[in-house]
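K.L.:
Sharing a structure, written as structure tokens. Questions coming.
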Amino acid sequence: MSSSKSSSRAWDGLNPPLSQWMLDAVSSMGLERMTPVQASTIPLFMAHKDVVVEAVTGSGKTLAFLIPVIERLLRLEAPIKKHHVGGIILSPTRELATQIYTVLESLLKFHPPSAEHRQAMEELQNPPREHEEAQENADDASEKKSKKTKKLSHNTLRIVPQLLLGGTTTPAQDLSTFLKRSPNLLVSTPGRLLELLSSPHVHCPQSSFEVLVLDEADRLLDLGFKEDLQKILARLPKQRRTGLFSASVSEAVDQIIHVGLRNPVKIAVKVKSASGALDKMTPASLQMTYLVTKPSHKLPALAKIFRSMDAVPQKSIIYFSTCAAVDYFQHIIPALLPPDLGITTIPLHGKHPANVRTKNFTKFVDSVTPSILLTTDVAARGLDIPSVDLVIQIDPPADPKAFMHRCGRAGRAGRRGLSIVLLTPGREEDYVGYMEVRKTPIVPYTPSPLSDLDNITISDEEATSATDTIRKLVLADRAINDKAQRAFVSWDKMKADAEAAANGETTATTKNENKKRPASMPWSEKHEKRDTKLRKKDRKRLKKEHEKWEQMTEEEKAKVRETREMIKKMREENEKKRAERRAARAAGGQQGSAAGADDSFDGFDD
124 MSSSKSSSRA WDGLNPPLSQ WMLDAVSSMG LERMTPVQAS TIPLFMAHKD VVVEAVTGSG
184 KTLAFLIPVI ERLLRLEAPI KKHHVGGIIL SPTRELATQI YTVLESLLKF HPPSAEHRQA
244 MEELQNPPRE HEEAQENADD ASEKKSKKTK KLSHNTLRIV PQLLLGGTTT PAQDLSTFLK
304 RSPNLLVSTP GRLLELLSSP HVHCPQSSFE VLVLDEADRL LDLGFKEDLQ KILARLPKQR
364 RTGLFSASVS EAVDQIIHVG LRNPVKIAVK VKSASGALDK MTPASLQMTY LVTKPSHKLP
424 ALAKIFRSMD AVPQKSIIYF STCAAVDYFQ HIIPALLPPD LGITTIPLHG KHPANVRTKN
484 FTKFVDSVTP SILLTTDVAA RGLDIPSVDL VIQIDPPADP KAFMHRCGRA GRAGRRGLSI
544 VLLTPGREED YVGYMEVRKT PIVPYTPSPL SDLDNITISD EEATSATDTI RKLVLADRAI
604 NDKAQRAFVS WDKMKADAEA AANGETTATT KNENKKRPAS MPWSEKHEKR DTKLRKKDRK
664 RLKKEHEKWE QMTEEEKAKV RETREMIKKM REENEKKRAE RRAARAAGGQ QGSAAGADDS
724 FDGFDD
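Here's what the structure looks like:
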């Protein structure tokens with residue numbers, strides 16, 4: 124039975140079959156057989172079917188769409204024309220788009236025409252030095268130029284990819300690269316892709332465009348890209364193949380399915396527990412646990428967790444709820460970890476500049492010594508970071524999907540992983556039962572049998588010692604002190620927003636978002652703001668008049684009353700005269716023309 128299952132997931136057993144160079148590429152990655160999501164998706168996507176794939180994190184979705192996209196573009200009857208796009212892969216974040224592009228390039232190294240084209244483009248961008256070029260024989264130089272021209276011609280079937288990321292290059296630079304290289308496969312985030320497609324030099328006609336992939340579709344919508352997605356879909360031909368990949372399919376994703384896909388085949392890959400009795404939403408190789416501890420004990424407990432393991436994790440990720448918390452704890456956690464463990468901490472969050480995010484992410488991925496990534500949910504989706512053994516969540520997220528995606532950074536592709544969420548006694552302990560209902564059971568954390576700890580308990584003395592260490596750091600550095608205050612404010616705001624959302628109330632975050640919306644949009648509260656401003660102005664005027672009235676003598680008040688009464692009578696007289704003139708004009712009399720046709724104020728009578 125197991126051998127038949129294994130053979131059904133062999134790379135060379137696919138129908139339609141993969142190209143030989145593609146088999147060599149996946150073999151070089153050490154992938155002996157397909158994962159369930161790959162075995163289910165690749166044949167259908169290659170057979171001109173729209174697919175909606177719902178699979179657990181770490182199940183191999185990236186190759187499940189990259190392989191069919193590449194194979195389809197290379198099996199066209201004719202090469203894609205210059206400045207025409209054949210395929211687009213959309214990703215919600217820069218990090219995930221970069222990762223997809225890296226995997227794509229590693230596959231294309233095994234396709235000679237694509238690899239030669241890339242090499243030729245690099246040689247053109249980095250020509251030899253003048254003195255080296257002068258030494259070349261004229262005939263040799265002419266022959267090399269001829270070969271390069273042949274490699275760069277558009278008469279050969281090959282994949283020419285381009286990565287589009289906001290914040291790393293300008294739209295003008297992206298367009299310049301597009302015009303020079305004429306890529307036929309784009310990997311991009313939504314905003315930057317929409318800017319490129321807006322150019323009249325970029326073409327996606329029905330004759331050329333083949334396939335669109337929406338990776339982490341629910342995350343695309345969570346980050347507010349719905350409007351961009353609608354505009355992108357409107358610019359692409361309807362006669363195309365579309366693949367939608369997500370760890371969960373929400374109602375919002377269903378709307379995109381109805382609009383952007385045609386009769387899709389839905390693929391849902393579930394994972395069963397060891398007993399086979401319960402479907403899980405996370406990989407079976409991942410052990411999910413929790414630790415109940417007081418808020419003041421969380422940081423010393425964090426240090427003890429690393430002591431409780433039989434070996435120091437090569438790569439760990441610690442999740443915080445806000446960017447400000449990451450900025451603060453990047454200074455605190457290194458001071459609390461045991462120095463003999465030699466662990467490096469690396470911060471990463473969405474408010475970092477693009478170059479800092481790329482630098483820190485690469486540093487963590489390439490690290491050969493034990494390292495911890497301190498991050499937010501920006502690193503919770505889709506990223507395939509090798510050798511992540513441990514994930515710790517300082518606070519449980521309100522959204523169970525976020526919890527699963529955070530945990531899923533460990534235990535990927537069959538590798539053993541451990542996740543720990545720190546819960547405070549009381550209401551947060553109910554999170555355990557809540558996750559079990561969501562088919563994500565979590566169990567109490569127990570130290571490794573090889574460690575000298577029976578359990579993770581923090582004494583008041585240990586908590587006080589950790590607090591003293593933190594206090595010394597904060598008092599010694601004003602910058603850390605400021606970051607501590609911002610971290611607390613952001614955490615408190617996050618908690619308030621979560622409670623407000625749970626009660627169906629408008630959160631402070633939503634109010635700030637409304638402020639940023641254009642005033643022309645109907646839900647921007649433009650008219651409400653104007654009316655509120657006028658009401659405040661009226662109240663202020665009435666208050667001043669009342670204060671002035673209270674300061675008057677009785678004689679002055681009598682004169683004011685007399686004046687008001689006179690004005691009232693004059694207005695009544697003027698209104699009576701205007702009514703008579705309107706009646707005269709209506710009757711065609713001469714009195715109206717002699718008196719004038721305007722209804723303006725006539726002044727006070729003598």
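If you read the sequence shown in the working numbering, its first letter stands for residue 124, the second for the next number, and so on.
We put the CB at the ideal spot given by N, CA and C, even for glycine.
Return the CA-CA distance between D147 and G210, expressed in angstroms with no decimal places.
P.N.:
23 Å
K.L.:
At which residues does the beta strand (DSSP E) containing Y442 begin and terminate?
P.N.:
K438 to Y442
K.L.:
W672: buried (16+ other C-beta within 10 angstroms of its C-beta) or exposed?
P.N.:
exposed
K.L.:
Could you compute how far the alpha carbon of L359 sits from the alpha carbon of S371?
P.N.:
25 Å
K.L.:
Can you tell me whether K691 is buried or exposed, with buried defined as 16 or more other CB within 10 angstroms of its CB?
P.N.:
exposed
K.L.:
At the level of alpha carbons, what is the spacing between L288 and L319?
P.N.:
11 Å
K.L.:
What whole-angstrom Cβ distance do Q731 and L497 have, given they're in contact under 8 Å?
P.N.:
In the structure as shown, the chain begins at 124 and stops at 729. Residue 731 is therefore absent and cannot be evaluated.
K.L.:
Buried or exposed, going by whether 16 or more other CB atoms sit within 10 Å of the CB of G347?
P.N.:
exposed
K.L.:
Run the CB neighbour count on S643, radius 10 Å, all protein chains shown included, and call it buried at 16 or more, exposed below.
P.N.:
Because the pLDDT at S643 is just 38, under 50, the model does not fix this residue reliably, and the point stays unresolved.
K.L.:
Considering only residues of the same chain and omitting the five flanking positions on each side of S431, which have a CB-CB separation below 8 Å?
P.N.:
P570, S571, S574, L576 and I579
K.L.:
For Y413 versus I495, is the C-beta distance shorter than 8 Å?
P.N.:
no
K.L.:
Assign D94 to one of two classes, buried (16 or more other C-beta atoms within 10 Å of its C-beta) or exposed (fewer than that).
P.N.:
Because residue 94 is not part of the residues shown, which for the chain are 124 to 729, the question remains open.
K.L.:
When the distance is taken between beta carbons, is Q516 closer than 8 Å to Y442?
P.N.:
yes
K.L.:
Consult DSSP for M432 and reduce its assignment to one of helix, strand or coil.
P.N.:
Assigned with DSSP and collapsed to three states, M432 falls in coil, not helix or strand.
K.L.:
With a CB to CB cut of under 7 Å and the five nearest residues on each side skipped, what residues in its chain are close to H799?
P.N.:
A query on residue 799 cannot be resolved here, the shown segment of the chain reaching from 124 to 729 and no further.
K.L.:
From this set, T312, A357 and Q362, which residue's C-alpha is nearest L343's C-alpha?
P.N.:
T312
K.L.:
May I ask you to list the residues that DSSP assigns as paired with K389?
P.N.:
V175
K.L.:
Measuring only the C-alpha atoms, how far is I508 from V488?
P.N.:
6 Å
K.L.:
Go to T686, then tell me how far its alpha helix (DSSP H) extends in each direction, as first and last residue.
P.N.:
Per DSSP, T686 belongs to the alpha helix (DSSP H) from E677 to A710.
K.L.:
Can you check DSSP and say which residues form a bridge with M411?
P.N.:
S542
K.L.:
Looking only at DSSP bridge pairs, what is A295 linked to?
P.N.:
According to DSSP, which records beta bridges pairwise, A295 is partnered with nothing at all.
K.L.:
Using a 10 Å radius around the Cβ and a threshold of 16 neighbouring Cβ atoms, would you call Q222 buried or exposed?
P.N.:
buried
K.L.:
What first and last residue would you give for the beta strand (DSSP E) that runs through T416?
P.N.:
Element bounds for T416: n/a, residue is neither H nor E.
K.L.:
Output the residue ranges of the alpha helix (DSSP H) runs that lie fully inside the segment 586–624 and measure 4 residues or longer, sorted by chain position.
P.N.:
none
K.L.:
Indicate whether L231 and A238 have their beta-carbon atoms separated by less than 8 Å.
P.N.:
yes
K.L.:
Give the range of the beta strand (DSSP E) segment to which Q116 is assigned.
P.N.:
Coverage of the chain is limited to positions 124 through 729, which leaves residue 116 absent and any answer about it impossible.
K.L.:
Do you know whose CA, among Q242, V336 and P235, lies nearest K184's CA?
P.N.:
V336
K.L.:
Tell me whether K361 is buried or exposed, calling it buried when 16 or more other Cβ atoms sit within 10 Å of its Cβ.
P.N.:
exposed
K.L.:
Count the other CB atoms within 10 Å of the CB of R658; is the residue buried (16 or more) or exposed (fewer)?
P.N.:
exposed
K.L.:
Considering only C-alpha positions, which residue in the set K562, T686 and V501 is nearest to E218?
P.N.:
V501
K.L.:
Compute the distance between the beta-carbons of V511 and R532, then report whether it is under 8 Å.
P.N.:
yes
K.L.:
Near A610, what residues of its chain come up, given a Cβ to Cβ distance below 6 Å and the 5 sequence neighbours on each side ignored?
P.N.:
A447, A448 and Y451
K.L.:
For F233, which residues in the same chain have their Cβ closer than 8 Å to its Cβ, ignoring the five residues on either side in sequence?
P.N.:
Excluding positions up to five away in sequence, the list reads W144, M145, D147, A148 and S151.
K.L.:
Applying the criterion that 16 or more other CB atoms from any shown protein chain within 10 Å of the CB defines a buried residue, is M110 buried or exposed?
P.N.:
Absent from the model: residue 110. The displayed extent of the chain is 124 to 729, so no value can be given.
K.L.:
At a cut of 8 Å, does the segment 161–168 reach the segment 189–208 through at least three beta carbon pairs?
P.N.:
yes
K.L.:
Just the Cα atoms here: how many angstroms apart are K595 and H324?
P.N.:
59 Å
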